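See below for the structure under consideration.
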């Protein structure tokens, strides 16, 4: 009668030993997975507003194609720049950032980093007033039709959405004055319901025959309670600036600004606990700062908020530039195509390395560091520049670019195509054989 109990006591250890033996003989699944890293393709805008355009590339032989072309085949571009661009350009994924430079007149210049796009893009900036020549370009780089919803905001209310269908491998340009007619304050929320869509907003203004300037508005993905804007022009004698806010939720926000510069850190008068009404645009002038160089702004709010800074300059014939909320810097390279610039970084702790080649082709490197902000002012024109963060703390950077035309240009320092990883199984005949 006790034999069954004895059999159970002997069987349990045997099963454990057998399981261990099987585990040792059968290869682990984890050992047969490989990591596959890739970069998303990006899209550059076409020539907007009658501009001439060139696109700088971070490497040679990058495969690309024109959107609106008859072929979807990618062809390598031997040079590191494309001149005389008319249609939007689709560029295969790579670890660098492409930049589009547009010139409408002698002093009206604009630049933007090419974008991956996405389901949501917020544009905080632009004007649809009487001087507006501004245009929204919606690019469908996919091979099937896309449906897009445009949700406009003005200084009073959120407006009714506009639905558009963008044909495959094409773009559609929409005048901002037809979306938000007559209003000087504009914000747009572009929602892609289907397809692969990338949008660009060029704010261009003109009075009669006089060109008043132009600037791209950099898109952001979502509102945030803490955000940063950096690389702003700090000379009060030649420029004035304002903040534009939009609270997309249903509750008003209390906003606090902190200004970072090489001359110190402070909160401007009136921006300690600023009340911002929800679901309409609020424009507020910034005090005139007399800084020795560029500066940056930290925006803190008790509600998710979208923000931008507009700077108007009286230098030369006059120009303006929009700066928008930034994402943290990661390692990337960018080809600045021979323009000069000043670079300003903010964060809890700033530490990064910049590598570039000077006018003679000699490789240069510099450590950029600071407690809460840091300035880099290289001498002469710049080509390919690589930025490498040296700390895990989030840092945010922006540049003021100078191309000798007298125009004001802001460029966010963004890795516009971040690496994405996936694990793929690797076939292994050993999983079918006895060891």
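Numbering (my numbering), first residue to last: 481 to 915. Backbone N, C-alpha and C define an ideal beta-carbon position, used for all residues, glycine too. Owing to the predicted nature of the structure, the values given are computational and were not obtained by experimental measurement.
Out of the options, which one is the CA nearest neighbour of residue i?
i           : options            : result
residue 872 : 591, 851, 831      : 831
residue 815 : 580, 552, 707      : 580
residue 878 : 633, 870, 869, 890 : 890
residue 647 : 633, 660, 676, 669 : 676
residue 861 : 845, 881, 867      : 881
residue 782 : 752, 738, 733      : 733
residue 828 : 554, 660, 589, 707 : 707
residue 588 : 571, 614, 608, 609 : 614
residue 921 : 709, 847, 735, 845 : Since the first residue of the chain shown is 481 and the last is 915, residue 921 is not available in this structure.
residue 470 : 553, 712, 883, 634 : The structure shown does not extend to residue 470, since the chain spans only 481 to 915, so no value can be given for it.
residue 892 : 822, 546, 600      : 822
Spatial neighbours of residue i within its chain, please: CB distance less than 7 Å, with the 5 preceding and 5 following residues excluded, ordered by chain position.
i           : result
residue 869 : 809, 810, 811, 832, 875
residue 849 : 830, 831
residue 434 : With the chain represented from 481 up to 915, any question about residue 434 goes unanswered, as that position is not in the structure.
Could you tell me whether the Cβ of residue i comes closer than 8 Å to any Cβ of chain C?
i           : result
residue 599 : Going by chain labels, chain C is absent from the structure shown, which holds only one protein chain.
Can you find the residues in the same chain that come closer than 6 Å, C-beta to C-beta, to residue i, ignoring five residues on each side of it along the sequence?
i           : result
residue 629 : 641, 643, 671
residue 768 : 716
residue 703 : 728, 784, 785, 786
residue 771 : 714, 741, 743
Would DSSP call residue i helix, strand or coil?
i           : result
residue 426 : In this structure the chain extends from 481 to 915, so residue 426 is not present and cannot be described.
residue 627 : strand
residue 548 : coil
residue 594 : coil
residue 584 : coil
residue 555 : strand
residue 608 : coil
residue 798 : coil
residue 809 : coil
residue 698 : coil
residue 613 : coil
residue 578 : coil
residue 600 : strand
residue 521 : coil
residue 541 : coil
residue 830 : strand
residue 818 : strand
Which same chain residues end up closer than 8 Å to residue i when comparing Cβ atoms and leaving out the 5 residues on each side of it in sequence?
i           : result
residue 758 : 727, 728, 729, 730, 731, 732, 733, 783
residue 527 : 533, 565, 566, 582
What ranges does the beta strand (DSSP E) occupy inside the stretch 647 to 691, keeping only unbroken runs of at least 3 residues that lie completely in it?
650 to 655, 667 to 674, 677 to 687
Cβ contact (3+ pairs, closer than 8 Å) linking the stretch 742 to 751 and the stretch 691 to 701:
no
Return the chain-ordered ranges of every beta strand (DSSP E) run that is complete within the stretch 712 to 787 and spans a minimum of 3 residues.
719 to 726, 733 to 741, 744 to 746, 754 to 756, 762 to 765
Three CB pairs or more closer than 8 Å across the stretch 559 to 577 and the stretch 653 to 671
no
Along the chain, which unbroken stretches of the beta strand (DSSP E) at least 3 residues long are found entirely within the stretch 843 to 904?
843 to 850, 853 to 856, 862 to 869, 875 to 882, 889 to 892
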